[in-house]
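Peer 1: The structure is given below, and queries will be raised subsequently.
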């Protein structure tokens, strides 16, 4: 009788083990277009901004935009992902060409082409020039995405380092989109 109970117990344990191994949790990968407003609050906080004051806007032709205030500074983070275009190369290249052209016209510093976590990117500083004096307004780091670009823009003084730093933190949220 003991042997029989031991066998039944062993068989039940084996069955539970097999059942436990076969029920694998599926990881849910984000699908559809990338929406920067859906980046996890913890990631936004890690980048130095307050997810509690998130403001969003979107228009079908303009894509998604969201804005956050800094946790410890007066800076503002603006994330925008323009509407998808036929190829990511076209969107990124068009954005870079536009930034280069704008810099040439304004006789400003050209965009700095770089990589952020291995992803194509460039950084541009926005300045206001009046009476021969240039005042920094913001800095944007633009990242290539699958079907467009993600602009990570931070307002205030000396923001290019902050923009690149925020882009490094936010980039993994893009995934393969």
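Numbering (our numbering), first residue to last: 11 to 187. Glycine is no exception: its CB is placed at the ideal position from the N, C-alpha and C atoms.
#1: Using only alpha-carbon positions, find the residue among 59, 56, 74 that is nearest to residue 48.
#2: Under three-state DSSP, which class holds residue 49?
#3: Classify residue 90: buried if its beta carbon has 16 or more other beta carbons within 10 angstroms, exposed otherwise.
#4: Strictly by DSSP, which residues pair up with residue 159?
#5: Quick one, which of 111, 176, 50 has its alpha-carbon nearest residue 80's?
#6: Taking the alpha carbon of residue 51 as the reference point, which residue from 61, 160, 57 has its own alpha carbon closest?
#7: Since residue 176 is in the alpha helix (DSSP H), which residue starts that stretch and which ends it?
Peer 2: To lay it out plainly:
#1: 74
#2: coil
#3: buried
#4: 154
#5: 176
#6: 61
#7: 170-180
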